[in-house]
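In what follows, a single structure is set out as structure tokens and then discussed.
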Amino acid sequence: MTTRIIGLPRGLAVAFVGLAATFTLISATIGASPARAAEAPVGLGTATSFAVLAGRTVTNTGPSTISGDLGVSPGSAIPGFPPGSVSNGTIHKADAVAGQAKSDLTTAYNDAAGRSTTATVTGDLGGKRLTPGVYTGGALGLTGTLTLDAGGDSNAVFIFQASSTLITGSASRVLLLGGANACNVFWKVAKSATLGTGSTFNGTILALTSVSAKTGASVRGRLLARNGAVTLDNNTITRPTGCRTTTGTAPTATGLTPTSGSTTGGTKVTVNGTGFVPGKTTVKIGDTTIPSGQVTVTSPTKLTFTTPAHRAGPVTVRITTPAGTSGPQQFTYGGAGTSPTPPIKPPGVGAPDTGGGGSGSPVNTVAGLGLLTLAGLVAGVGVFRRRRETA
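Heads up: the sequence shown begins at 785 in our numbering, then just goes up one per residue.
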């Protein structure tokens, strides 16, 4: 017996190839997402000049050295200085400077807490090598070494959001590589932070409650406690220098009008808040940053911008000026008053691509091609069967 291998007719083979290519393209298009915009540093406002700042007290044991301002507000107690010493800064006890810095610390804390998460981290950060981004976790710990690699970008920003505590072990360290700068490392801690004996730490701690540095711990950054105390024990705290300069107080955003709009974009949004600067204010909506040239600042408390296209769903809106970045507001794409998405049409039919998911969007255009190719495949099968039947 001889087995014959019959090839597909040319038209049917082409249809199969077209269908495979179409569905490959659909998968690639749907799976693709816009690159995440680089994070801006957390705006510290006047708290920038402080190496140590607390709400209740700053208590020191031993010859701790602090480079930068030292302050407390509304409390006024700073026992332990001397033997502790302050250089390149001033001690502020419940004065106007400390009060303003505490207010700016609150804004900075809310800013750091509101950033969109890049990845979730759990438990011990020791042994990890992280690239720039926003890392969220519960109670964060560190034994051994955590490496932060900026990949050659000295402006790269690392933000950690601990929803509970931050505790580092004895002799642990945060290592900066690839041009990473302590200026741009921020640790938002929802409870209290504790730095272990002899540990080496980089970055600014923004703790809701308190910060404790055990014997011999050294910090290149800041220890900032909103409501409680900062406790020191023979430590070296050095405020980083050479950071990107900011002036004034970080902006705030208190409301949007309207709060929803079409997925195709084009919605004019008014933002109310404080600290808006003409020509120097940008808006980040979702992963898209609107440059200052497209943001209209009508006063320090009001600005307008036009939304870009985006898929349906809620996104965060933040305002950035040279002084820092505001906390988040929410805008919803596809909310009340949004035009329904047009049905899928074959290519060449309907409106051109606007990026909003309508008939001209990349996904729907590719889907249309897929339907046409599938129709061609069915027709090809029918022709093939008729030829076999009449042979």
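Note that CB positions come from ideal geometry on N, CA and C, so glycine has one too.
Query	Result
Note down, in chain order, each residue of its chain lying with its Cβ closer than 6 Å to the Cβ of Ser996, except the 5 sequence neighbours on either side.	Thr978, Thr1015
Measuring CB to CB, does Ile943 end up less than 8 Å from Glu823?	yes
Run through the DSSP bridge pairs and tell me what Ala991 is partnered with.	Val973, Ala1009
Under a Cβ-count criterion, where at least 16 other Cβ atoms within 10 Å of its own Cβ denotes burial, should Ser857 be classed as buried or exposed?	buried
With 16 as the cutoff for other CB atoms within 10 Å, does Arg781 come out buried or exposed?	Because the chain is modelled from 785 through 1175, residue 781 falls outside the range shown and cannot be assessed.
Could you give the distance in angstroms between the alpha-carbon of Thr984 and the alpha-carbon of Ser900?	28 Å
What's the C-alpha gap between Thr929 and Gly962?	16 Å
Can you round the beta-carbon distance between Gly922 and Ser948 to whole angstroms, since I take them to be within the 8 Å contact cut?	5 Å
Looking at the secondary structure, which residues open and close the beta strand (DSSP E) in which Ser1083 lies?	1080-1083
Are Pro1098 and Gln1114 close, meaning C-beta to C-beta below 8 Å?	yes
Check whether the segment 1074-1094 and the segment 1000-1011 touch, using three or more Cβ-Cβ pairs below 8 Å as the test.	no
Buried or exposed for Asn872, please, with buried defined as at least 16 other CB atoms from any protein chain shown within 10 angstroms of its CB.	exposed
Can you tell me whether Gly1050 is buried or exposed, with buried defined as 16 or more other CB within 10 angstroms of its CB?	exposed
Determine the DSSP secondary structure at Asp937, reduced to helix, strand or coil.	coil
Could you pull the DSSP bridge partners for Ile1074 from this structure?	Val1067
Buried or exposed: Ala734, going by 16 or more other Cβ atoms within 10 Å of its Cβ?	What is shown of the chain runs 785 to 1175, which leaves residue 734 out entirely.
Could you check if Thr1105 is buried or exposed, using at least 16 other CB atoms within 10 Å of its CB as the buried criterion?	buried
Run through the DSSP bridge pairs and tell me what Phe944 is partnered with.	Tyr919, Trp971
On the DSSP bridge list, what partners appear for Ala838?	Val856
Once DSSP output is grouped into helix, strand and coil, what is the label at Asn1056?	strand
For Gly815, count the other beta carbons within 10 Å of its own beta carbon; 16 or more makes it buried, fewer makes it exposed. Which is it?	Because the pLDDT at Gly815 is just 38, under 50, the model does not fix this residue reliably, and the value given afterwards should be weighed accordingly. Label assigned to Gly815: exposed.
Do Thr1109 and Val918 have their beta-carbon atoms positioned less than 8 Å apart in this structure?	no
Which of the three DSSP states, helix, strand or coil, is assigned to Ala1034?	coil
Please state the DSSP three-state secondary structure of Leu889.	helix
If distances are taken between C-alpha atoms only, which option among Asp933, Val1101, Ala940, Tyr1117 comes closest to Gly1057?	Val1101
Within its chain, find whatever has a CB closer than 6 Å to the CB of Ser994; leave out the 5 residues flanking it on each side and keep chain order.	Ser976, Ala1009, Gly1012, Ala1013
Just mark Ser1046 as buried or exposed, buried being the case when its beta carbon has 16 or more other beta carbons within 10 Å.	buried
With distance defined between alpha-carbon atoms, name the residue in Gly1111, Ile1103, His1094, Ala1107 nearest to Tyr1117.	His1094
Below 6 Å CB to CB, which residues in the same chain sit around Thr920 once its five sequence neighbours on both sides are set aside?	Thr901, Thr904, Gln945
Going by DSSP in three states, Asp879 sits in which element: helix, strand or coil?	coil
Going along the chain, which residues of its own chain have a beta-carbon closer than 6 Å to the beta-carbon of Gly868, five neighbours each way excluded?	Asn844, Ser848
When you compare the CB positions of Ala1107 and Gly829, do they come within less than 8 Å of one another, or not?	yes
Given this structure, state the Cα-to-Cα distance separating Gly982 from Arg957, to the nearest angstrom.	9 Å
Considering just the uninterrupted stretch of the beta strand (DSSP E) at Phe1115, what are its terminal residues?	1113-1117
With a Cβ-Cβ cutoff of 8 Å, do His1195 and Asp908 count as a contact?	What is shown of the chain runs 785 to 1175, which leaves residue 1195 out entirely.
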